[in-house]
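Going by the UniProt record's numbering, the first residue of the sequence shown is number 1, and it counts up by one from there. Ideal placement from N, C-alpha and C gives every residue a C-beta, glycine not left out. Worksheet for the structure shown next.
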Amino acid sequence: IEWGIGRISEKVIDKINILEATKLAMIRAIKNLTKKLKKPKSQKFHDRGKNGKIDFLILDGKMKLDLPILQKSIVKADEKVFSCSAASIIAKVTRDGIMERYHKKYPCYGFDQHKGYPTKYHFKMLKKYGGCKIHRQSFSPLKRLV
C-alpha cells in the first residue's frame with residue numbers, strides 16, 4: 001500500500017479558501033504518490049500499476065480535481081470505500097502529528113489536547129491569547145473571538 005501526503009499552509013488557505021485548498025492538497029498528495037509509484041521497489045509481488053501512473057480516483061464529497069485522471073466523487077466515500085477510509089485515517093494521523101509539533105512551539109494553546117479542532121478549550125485559549133501564526137485568519141469563529 002502506498003499513499004501521498006499533500007500539505008497546505010494556513011496562509012494559502014486564507015488566500016484561496018478552504019475548498020480550493022483542499023483540492024490543492026489532494027492534487028499535491030496525488031503528485032507525491034505518483035513520485036513514489038515511479039520508484040522501483042524490491043518487493044516481489046508489489047504491483048506498480050501502469051508505469052507508476054494513477055488511472056482512477058475516488059473522491060470523498062462532491063468535488064472534481066483538475067487532473068487528467070478519471071474520477072468519481074462519492075458523498076461520504078470515507079464511510080463507503082476502504083481506500084477512502086484509509087486515506088482519511090492517514091490524513092488525520094498526519095495532521096495530529098503536525099499539531100503535536102505545533103504544541104511544542106505554541107504550548108499555551110493546548111494543541112496537544114484538541115489538535116486545532118474548534119473545542120471549548122481551544123476557544124477559551126483563543127479568547128485569552130488571540131490567534132497565533134498558524135491560526136487561519138479566514139476562520140469565522142476566530143474573527144468573532146479576536
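Among the options, nearest to residue i - alpha-carbon criterion
i      : options                           : result
MET99  : GLU2, GLU10 and GLY4              : GLU10
LEU67  : LYS76, GLU79 and ILE54            : ILE54
VAL93  : ASP112, PRO40 and ALA21           : ASP112
LYS128 : CYS108, TYR117, SER140 and THR119 : CYS108
PRO40  : GLU2, LEU19 and ALA21             : GLU2
Distance between beta carbons of residue j and residue i, contact taken as under 8 Å
i      : j      : result
LYS36  : ILE58  : That pair is no contact at about 19 Å.
ILE74  : PHE56  : That belief does not hold up - the Cβ atoms of ILE74 and PHE56 are roughly 12 Å apart, past 8 Å.
TYR38  : GLY52  : Residue identity differs from the one stated: residue 38 is Lys in this sequence, not Tyr. At roughly 4 Å, the Cβ-Cβ gap stays under 8 Å, so LYS38 and GLY52 are in contact.
VAL136 : LEU145 : It is worth fixing the name first, because residue 136 is Arg in this sequence and not Val. Actually they are not in contact, since the Cβ atoms of ARG136 and LEU145 sit about 13 Å apart, beyond 8 Å.
LYS64  : ARG95  : That pair is no contact at about 24 Å.
Beta-carbon proximity of residue i to residue j, cut-off 9 Å
i      : j      : result
GLY61  : ARG28  : no
TYR121 : GLY130 : no
TYR106 : LYS133 : yes
SER138 : ASN17  : yes
Residue i burial status per 10 Å Cβ neighbour count (16 or more: buried)
i      : result
ILE13  : buried
LEU126 : buried
MET26  : buried
GLY4   : buried
GLY97  : exposed
LYS23  : buried
Quiz item: For the 8 Å Cβ check, are there 3 or more pairs between the segment 102 to 109 and the segment 71 to 87?
Solution: Output reads no: the segment 71 to 87 does not touch the segment 102 to 109.
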